[in-house]
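Chemist: This is the structure I want to talk about, given as structure tokens.
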Amino acid sequence: MNPAYEKLQRCYESFRQKIDFKPEIALILGSGLGDYAEGIQVEATLDYHEIQGFPVSTVWGHKGRFVFGYVKEVPVVIMQGRVHYYEGYAMEDVVLPVRLMGLMGAKVLFLTNASGGINYDYKAGDFMLIKGQISSFVPSPLIGPNLDELGVRFPDMSEIYKKDLQEIIRSTARTLEIPLQEGTYIQFTGPAYESPEEIKMARVLGADAVGMSTACEAVAANHMGMQICGISCVTNLACGITDAPLTHEEVKETADRVAPLFKKLVTESIINIYKGMQK
Ligand code: HPA
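Mapping the sequence shown onto the working numbering, position 122 (from 1) lands on 113, and the numbers just tick up by one.
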């Protein structure tokens, strides 16, 4: 058997031994949303280090566990703290949690993150509906022997972020009167923030927001047929737009400031997406 699939299976069995819960929607929390899970009806939690062979996240401010529970009636699994490529994990390990949530039964993957705004119309604190992505600057998580059990060797990528899910998020934001930008997310490896020249390049390529996660997760989830949607919290203007140097503190500060609104948008979107799944 493919070693990557064997590892995934081991993690899945380790999860199964401890947790009896079937999520419908998987949610990955970006910076600032870290405490989102505290506001839901929690049924169980599973620390990453309790799962055999699971890559454990180290980045400051991330808790590192799965939370199982209900957002209203919606059974969800929440990743509280994601695994980043810049931490030194193999890309295959970075996306293992996403694949695991797919195996748990989640049909929809709801991605959130913090990003730097590249689009001149964006300001710090904006939310951006992710309509598309550029993942070409990080290694593909699908490199290596294909995991035939999950998906095909050459998966189509023409609609990674599902249009019907985009429309649900769009109309949810409208109802809540929360302004929502829309655009393309580009992933770089980090951990350094980008140079002004790299941001200029990303803008020429059509990117509206930049971050160090998400796109690779979407590639892996798309491969295994999950329905994907995402919202980015633009925590700062990308490097070079202003003269101010970028700091993680600034990113955290903005993310925390807009977190209540972000949570509201995510919660209502999840509820509406689930309604759509029942039809
Ligand atoms: N660049 C990369 N990642 C980020 C940024 C940024 O400007 N802001 C938040 N995450």
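C-beta: ideal position from N, C-alpha, C; glycine also.
Taking the alpha-carbon positions, what's the Q122 to G174 distance?
Modeler: The residue you call residue 122 lines up with position 131 of the sequence shown. The residue you call residue 174 lines up with position 183 of the sequence shown. Note on identity: in this sequence residue 122 is Lys, with Gln being the wrong assignment. Cα-Cα distance, rounded: 5 Å.
Chemist: Using the Cβ count rule (16 or more neighbours within 10 Å means buried), how would you classify L133?
Modeler: As a first step, residue 133 is located in the sequence shown; it is residue number 142 there, counting from the start. Flag for L133 reads buried.
Chemist: By Cβ distance below 7 Å, which residues in the same chain neighbour N263 in space, the five residues on each side in sequence not counted?
Modeler: Taking the sequence shown and counting its residues from 1, one reaches residue 263 at position 272. Result list for N263: I159 and T163, in chain order.
Chemist: Which term fits Q218, buried or exposed, when burial requires 16 or more other beta carbons within 10 angstroms of its beta carbon?
Modeler: Translated into positions along the sequence shown, residue 218 becomes position 227. By the 10 Å Cβ count, Q218 comes out buried.
Chemist: Under 7 Å Cβ to Cβ from L256, same chain only, skipping five residues before and after it: list those, please.
Modeler: For the purposes of this step, residue 256 is taken as residue 265 along the sequence shown, with counting starting at 1. Around L256: F118, T163, A164, L167, I169 and I222.
Chemist: If you follow the alpha helix (DSSP H) that G267 is part of, which residue opens it and which one closes it?
Modeler: Translated into positions along the sequence shown, residue 267 becomes position 276. From DSSP, the alpha helix (DSSP H) with G267 extends over H239 to Q269.
Chemist: Does at least one heavy atom of the ligand HPA sit under 8 Å from the Cβ of E185?
Modeler: For the purposes of this step, residue 185 is taken as residue 194 along the sequence shown, with counting starting at 1. Yes, the ligand HPA has a heavy atom inside 8 Å of this Cβ.
Chemist: Below 8 Å, is the gap between the Cβ of M(-8) and the nearest heavy atom of the ligand HPA?
Modeler: As a position in the sequence shown, residue -8 is number 1, starting the count at 1. Not under cutoff, so the answer is no.
Chemist: Does the separation of the CB atoms of N230 and P182 fall below 9 Å?
Modeler: Residue mapping note: residue 230 aligns to position 239 of the sequence shown, counting from 1. Residue mapping note: residue 182 aligns to position 191 of the sequence shown, counting from 1. The residue asked about is misnamed: residue 230 is Cys in this sequence, not Asn. The answer is no: Cβ separation not under 9 Å.
Chemist: Can you find a heavy atom of the ligand HPA that lies under 8 Å from the Cβ of G72?
Modeler: If you number the sequence shown from 1, residue 72 lands on position 81. Incorrect: G72 has no Cβ contact closer than 8 Å to the ligand HPA.
Chemist: Between L252 and the ligand HPA, is there a pair consisting of the residue's CB and a ligand heavy atom that are separated by less than 8 Å?
Modeler: Counted from its first residue, the sequence shown places residue 252 at position 261. L252: no, Cβ never under 8 Å from the ligand HPA.
Chemist: CB-CB under 6 Å to K254, same chain, minus the five flanking residues each way: which ones, in chain order?
Modeler: On the sequence shown, position 263 is the one that residue 254 refers to. Same-chain partners within the cutoff: Y27.
Chemist: Between D247 and L24, what straight-line distance do the alpha-carbon atoms span, to the nearest angstrom?
Modeler: Here residue 247 is taken as the residue at index 256 of the sequence shown, counted from 1. Here residue 24 is taken as the residue at index 33 of the sequence shown, counted from 1. So the alpha carbons of these two residues sit roughly 8 Å apart.
Chemist: Below 8 Å, can you find three or more Cβ-Cβ pairs linking the segment 232 to 244 to the segment 5 to 13?
Modeler: Result no; under three Cβ-Cβ pairs closer than 8 Å.
Chemist: Label L196 either buried or exposed according to how many other C-beta atoms from any shown protein chain fall within 10 Å of its C-beta, with 16 as the threshold for buried.
Modeler: Numbered from its first residue, the sequence shown carries residue 196 at position 205. Its Cβ having fewer than 16 others within 10 Å, L196 is exposed.
Chemist: If you measure between the beta carbons of V129 and N137, is that distance less than 9 Å?
Modeler: Taking the first residue of the sequence shown as position 1, residue 129 is located at position 138. Taking the first residue of the sequence shown as position 1, residue 137 is located at position 146. In this structure, N137 does not lie closer than 9 Å to V129 by Cβ.
Chemist: Could you check whether the Cβ of D227 sits closer than 8 Å to any heavy atom belonging to the ligand HPA?
Modeler: Counting from 1 along the sequence shown, the entry for residue 227 is found at position 236. The sequence shown places Asn at residue 227, rather than the Asp named in the question. Flag set: Cβ of N227 near the ligand HPA.
Chemist: Jot down the residue ranges of each uninterrupted alpha helix (DSSP H) in the segment 154 to 212, minimum 4 residues, whole runs only, in chain order.
Modeler: Runs of the alpha helix (DSSP H) inside the segment 154 to 212: 154 to 167 and 187 to 195.
Chemist: Sorted by chain position, which residues of the same chain lie with C-beta nearer than 8 Å to P148's C-beta, five sequence neighbours on each side aside?
Modeler: As a first step, residue 148 must be located in the sequence shown, where it is residue number 157. Strictly speaking, residue 148 in this sequence is Met, with Pro absent from that position. Once the five neighbours on either side are set aside, the close Cβ partners of M148 are V210 and N213.
Chemist: For R1, which of helix, strand or coil comes out of DSSP?
Modeler: Counting from 1 along the sequence shown, the entry for residue 1 is found at position 10. Here R1 sits in helix by DSSP.
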